[in-house]
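Visitor: Sharing a structure below in structure tokens format, with a few things to ask.
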Ligand SMILES: [Zn+2]
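Residue numbers (our numbering): 1206 to 1437.
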């Protein structure tokens, strides 16, 4: 359906599409695949983590991180992949795609209750770990939750590759959510992610303050690479 659009329209109430959306979605997913191969940060839009197996949702057309996981498993001999999603929203699409797949661990930190409504404290499985956080959480709460919930889950799973769904809408100046994470917080979370697997790559998800977004991406990049340096 996306591939055959001939004019702009709305896929759902907040997902705008046009005749060039399919090309944009293919480019984003392709760059996510390349980032997973090379250990890079895919700075792409549209984002992906709300996209469900057969439908676009919440600004997301194609689930970029899911495409990258399947590409690495199908073409590069990677078995176990962990996804850590620190976008402020729950990655419902990613969760749904991998819910019944024990080769992929999905861990999400997100504001809850909040859009899209999923990812509550009771929504867990062997390879799905949801860490809902109350509105107003900042660096301290995020880092504590990361150390208490994310680190043990990923260490237990022992992934060959970790992909980060890196959204920056938990930042204190983001217009869409109510969290208070700072640039230092994103650097810290990213550095912790990098320490959890032998290979790490990141894919941009949300982040809706275009004035702060570049600095936050830079802070995350510093976090991803600092840990690699100290770990040798
Ligand atoms: Zn988001």
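We put the CB at the ideal spot given by N, CA and C, even for glycine.
Which residues bound the alpha helix (DSSP H) around residue 1269?
Guide: 1269-1280
Visitor: Kindly indicate which three-state DSSP category residue 1385 falls into: helix, strand or coil?
Guide: In the displayed model, residue 1385 falls within a strand according to three-state DSSP.
Visitor: If contacts are defined as beta-carbon pairs under 8 Å, then residue 1246 and residue 1240 qualify, I think. What distance do you get, rounded to the angstrom?
Guide: 6 Å
Visitor: Give me the residue from 1262, 1273 and 1206 with the minimum Cα distance to residue 1405.
Guide: 1273
Visitor: Opposite residue 1265 in the DSSP bridges: which residues?
Guide: 1262
Visitor: Please work out which residues of its chain come closer than 8 Å, Cβ to Cβ, to residue 1356, disregarding the five sequence neighbours upstream and downstream, and give them in chain order.
Guide: 1397 and 1401
Visitor: I believe residue 1375 touches residue 1424 by the beta-carbon criterion, under 8 Å. Please report the beta-carbon distance rounded to the nearest angstrom.
Guide: That belief does not hold up - the Cβ atoms of residue 1375 and residue 1424 are roughly 13 Å apart, past 8 Å.
Visitor: At a threshold of 6 Å, does residue 1292 count as lining ligand 1 (C-beta to nearest heavy atom)?
Guide: For residue 1292, the distance from the CB to the nearest heavy atom of ligand 1 is below 6 Å.
Visitor: Flag residue 1390 as yes if its beta-carbon sits less than 7 Å from any beta-carbon of chain B, otherwise no.
Guide: Absent from the structure: chain B. Only one protein chain is present.
Visitor: Straight-line CA distance for residue 1306 to residue 1333?
Guide: Distance from the CA atom of residue 1306 to the CA atom of residue 1333, rounded to whole angstroms, is 10 Å.
Visitor: How would you write the range of the beta strand (DSSP E) that residue 1357 sits in, first residue to last?
Guide: Boundaries for residue 1357: no beta strand (DSSP E) harbours it, while the alpha helix (DSSP H) harbouring it runs 1356-1362, taken from the DSSP string.
Visitor: Determine, using beta carbons only, whether residue 1392 and residue 1428 come nearer to each other than 7 Å.
Guide: Taking 7 Å as the Cβ cut-off, residue 1392 and residue 1428 qualify as a contacting pair.
Visitor: Measuring CA to CA, which of 1312, 1231 and 1382 is closest to residue 1359?
Guide: 1312
Visitor: Going by other Cβ atoms of all chains shown within 10 Å of its Cβ, with 16 needed for buried, is residue 1310 buried or exposed?
Guide: buried
Visitor: What first and last residue would you give for the beta strand (DSSP E) that runs through residue 1217?
Guide: 1214-1217
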